[in-house]
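Accompanying notes for the structure given below.
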Amino acid sequence: DAGVTQSPTHLIKTRGQQVTLRCSPKSGHDTVSWYQQALGQGPQFIFQYYEEEERQRGNFPDRFSGHQFPNYSSELNVNALLLGDSALYLCASSLDGGPVGSFGEGSRLTVL
Amino acid sequence: GIQVEQSPPDLILQEGANSTLRCNFSDSVNNLQWFHQNPWGQLINLFYIPSGTKQNGRLSATTVATERYSLLYISSSQTTDSGVYFCAVKAAGNKLTFGGGTRVLVKP
Chain A
42 DAGVTQSPTH LIKTRGQQVT LRCSPKSGHD TVSWYQQALG QGPQFIFQYY
92 EEEERQRGNF PDRFSGHQFP NYSSELNVNA LLLGDSALYL CASSLDGGPV
142 GSFGEGSRLT VL
Chain B
110 GIQVEQSPPD LILQEGANST LRCNFSDSVN NLQWFHQNPW GQLINLFYIP
160 SGTKQNGRLS ATTVATERYS LLYISSSQTT DSGVYFCAVK AAGNKLTFGG
210 GTRVLVKP
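The listed protein sequences correspond, in order, to chains A and B. Numbered according to our numbering, the first sequence spans residues 42 to 153. Numbered according to our numbering, the second sequence spans residues 110 to 217.
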């Protein structure tokens with residue numbers, strides 16, 4: 042039974058570029074949440090997707106957008122990258138927004 | 110929004126020692142979870158404990174919701190317990206708010 046899988050694991054971009062990160066939830070889970078974790082800090086909630094809709098959003102600018110597909114997988118897109126977007130991006134899955142059962146291993150983004 | 114504070118920020122233990130990590134939160138919550146982040150960055154769910162006490166092997170947790178705090182106990186610590194421990198709460202809505210974490214180093 043596969044847990045949450047994320048890709049890519051590492052990537053390097055330059056300022057102004059755009060990036061897409063991908064997440065497949067744990068089997069049987071229908072809700073995907075995205076978090077940003079800066080070095081030395083706790084994860085910060087970006088947004089949550091359920092039934093292909095953004096259900097709740099954290100305090101992040103519109104440069105951060107997402108999508109959920111009918112198979113419950115999800116993408117996180119970040120446009121016009123800034124140096125401050127360098128972080129570990131974590132995806133979590135759950136069943137209908139219940140307790141988070143699983144996090145992926147994360148995508149580590151470096152913006153130069 | 111809700112505030113989550115964890116203490117201590119750093120903890121160094123000798124293998125075999127016991128320890129207690131604390132999480133204080135500023136408002137009523139309907140969900141509280143403890144996570145362990147390993148050195149490779151993966152977050153592992155340890156407990157879902159909005160109230161009461163739970164035990165899982167050498168780890169146990171207690172949440173006193175009326176007093177807005179939770180405790181995580183590590184007994185007979187092992188080097189594999191090293192990493193960062195996060196408390197995360199959910200008040201209204203679907204957003205988990207994390208504390209700043211407690212960085213634990215267990216020395217052999």
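Note that beta-carbon positions come from the ideal geometry of N, C-alpha and C, so glycine has one too. Values in this document were obtained by computation on a predicted structure and should not be read as measured data.
Does the beta-carbon distance from residue i to residue j come in below 8 Å?
i, j, result
"B:I158", "B:L130", "no"
"A:S148", "A:L62", "yes"
"B:Q146", "B:G192", "yes"
"B:A174", "B:S160", "yes"
"A:L136", "A:T72", "yes"
"B:N197", "B:T206", "Before going further, note that residue 197 of chain B is Ala rather than Asn in the sequence given. Cβ distance < 8 Å, so B:A197 and B:T206 count as in contact."
"A:S74", "A:V45", "no"
"B:P148", "B:T211", "no"
Residue range of the beta strand (DSSP E) that residue i falls in?
i, result
"B:D119", "119-123"
"A:L155", "Shown here, chain A extends from 42 to 153; a query on residue 155 of chain A therefore has no answer."
"A:G107", "105-109"
"B:Q142", "140-146"
"B:Q187", "From DSSP, B:Q187 is part of no beta strand (DSSP E); its letter is neither H nor E."
"A:F101", "Looking at the DSSP string, A:F101 is not in any beta strand (DSSP E), and its letter there is neither H nor E."
"A:I87", "85-91"
"B:R212", "211-216"
"B:L168", "168-173"
"A:W75", "72-78"
"B:R131", "128-134"
Could you tell me which chain A residues have their CB closer than 8 Å to the CB of residue i, listed as they occur along the chain?
i, result
"B:K163", "Those within 8 Å of B:K163 in chain A number zero; the least Cβ separation is about 13 Å."
"B:K157", "Just to set this straight, residue 157 of chain B is Tyr in the shown sequence, not Lys. What B:Y157 touches in chain A: P140."
"B:N154", "P140, V141, G142, S143, F144"
Anything in chain A within Cβ reach of residue i, meaning under 7 Å, just list it in chain order.
i, result
"B:N140", "P140"
"B:N203", "Q89, R96, Q97, G138"
"B:G150", "L129, E146, G147"
"B:G210", "G83"
CA-CA distance, residue i and residue j?
i, j, result
"A:Q58", "A:S134", "28 Å"
"A:Q97", "B:R167", "36 Å"
"A:R56", "A:S68", "35 Å"
"B:C132", "A:Y90", "28 Å"
"A:G139", "A:I53", "33 Å"
"B:E125", "B:N154", "A quick correction: the sequence has Gly, not Glu, at residue 125 of chain B. Using only the alpha carbons, I get a separation of about 23 Å."
"A:V152", "B:E114", "30 Å"
"B:D190", "B:V215", "7 Å"
"B:F195", "A:G83", "7 Å"
"A:E93", "A:Y113", "7 Å"
"A:S48", "A:S143", "16 Å"
"A:Q85", "A:N100", "9 Å"
"B:N127", "B:F134", "24 Å"
"A:E146", "A:F105", "20 Å"
"A:L124", "B:T162", "43 Å"
"B:G208", "A:L150", "22 Å"
"B:P217", "B:Q151", "23 Å"
"A:L131", "B:S116", "24 Å"
"A:V141", "B:Y182", "21 Å"
"A:P111", "A:Y76", "21 Å"
"B:G110", "B:S169", "28 Å"
"A:A79", "B:Q112", "18 Å"
In chain A, which residues lie with their C-beta within 9 Å of the C-beta of residue i?
i, result
"B:G125", "Within 9 Å Cβ-Cβ: nothing; B:G125 doesn't reach chain A, min ~28 Å."
"B:F195", "G83, P84"
Could you check which residue in the options has the C-alpha nearest to that of residue i?
i, options, result
"A:I87", "A:P49, A:T50, A:L129", "A:L129"
"A:N120", "A:C64, A:G107, A:P111", "A:G107"
"A:E95", "B:I121, B:N203, B:I111", "B:N203"
"A:L122", "A:V141, A:Y76, A:G44, A:P102", "A:P102"
"B:S137", "B:G210, B:A200, B:V213", "B:A200"
For a contact meaning CB atoms closer than 9 Å, what does residue i contact in chain B?
i, result
"A:F86", "N203, K204, L205, T206, F207"
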